[in-house]
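*Asks:* I'd like to ask some things about the structure below.
Numbering (the working numbering), first residue to last: 2 to 189.
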């Protein structure tokens, strides 16, 4: 009875307690936009750095949460794999689905951790491609009814793609705004 009460208090859905971090790319994009607008008195470099960090944290939370869910064999993710393989007329065993989900989970969590410590454009590009493929897996697996779900997940593609482009912009700000020791001493 305790388990039933806990499920009811969480809305009854398995993994529902992970909904907020799983959807971080959706709601933190709004936070990033608000920070960009409200920090208008600061330098563009500082604004860009703040917004970039918010977006990195959003992507990291989303990918880490989805990675955990995949690793744990979330039923919705299993259905996506079964549906996607069925759409190309390939039978897939339950064991294979669980192995694929473990691998996907490890990859997602790894990507989430990597971007917290490095700003490699290639990692952001892969996350954007992977996020886009994951979003498109809904209509592939479930047909027309999956398009709405794909649109809801467009930020899982968009935020990493934005970070891909912001990486060069951030590097430009760092190289143009940094004064070297020699330049400083020459002015004195």
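We treat Cβ as the ideally placed atom computed from N, Cα and C, and that holds for glycine.
Does the pairing of the stretch 56–76 with the stretch 107–126 give three or more beta-carbon distances under 8 Å?
*Replies:* They touch, by the three-pair rule.
*Asks:* Whether or not the stretch 153–169 and the stretch 123–133 are in contact is what I'm after, with contact meaning three or more pairs of Cβ atoms, one per stretch, closer than 8 Å; do they touch?
*Replies:* Touching, yes.
*Asks:* Hey, could you find the ends of the alpha helix (DSSP H) residue 56 is sitting in?
*Replies:* Counting along the chain, the alpha helix (DSSP H) containing residue 56 begins and ends at 45–72.
*Asks:* Excluding the 5 residues preceding and the 5 following residue 1 in the sequence, name in chain order all residues of the same chain whose CB lies nearer than 8 Å to its CB.
*Replies:* An answer regarding residue 1 cannot be provided, because it is not within the stretch 2 to 189 covered by the chain.
*Asks:* Could you check where the alpha helix (DSSP H) with residue 103 kicks off and where it finishes?
*Replies:* Per DSSP, residue 103 belongs to the alpha helix (DSSP H) from 95–118.
*Asks:* Once DSSP output is grouped into helix, strand and coil, what is the label at residue 122?
*Replies:* Helix at residue 122.
*Asks:* Check whether the Cβ atoms of residue 57 and residue 33 lie closer than 8 Å to each other.
*Replies:* Contact: no.
*Asks:* Considering only the alpha carbon of each residue, which of 171, 107, 145, 28 lies closest to residue 84?
*Replies:* Answer by Cα proximity: 145.
*Asks:* Can you list, in chain order, the residues of its chain with a C-beta nearer than 7 Å to that of residue 74? Leave out the 5 residues immediately preceding and following it.
*Replies:* If we look at residue 74 and ignore the five residues flanking it on each side, its Cβ neighbours are 99, 102.
*Asks:* So, is residue 159 buried or exposed, given that buried needs 16 or more other C-beta atoms within 10 angstroms?
*Replies:* Its Cβ being crowded by 16 or more others within 10 Å, residue 159 is buried.
*Asks:* Helix, strand or coil: how does DSSP classify residue 154 here?
*Replies:* Residue 154: coil per DSSP, three-state reduction.
*Asks:* Do you know whose CA, among 44, 28, 104, lies nearest residue 171's CA?
*Replies:* Closest option to residue 171, Cα to Cα, is 44.
*Asks:* Ignore the nearest five residues each way along the sequence and tell me which others in residue 37's own chain have a CB closer than 7 Å to its CB.
*Replies:* Contacts found: 48, 52.
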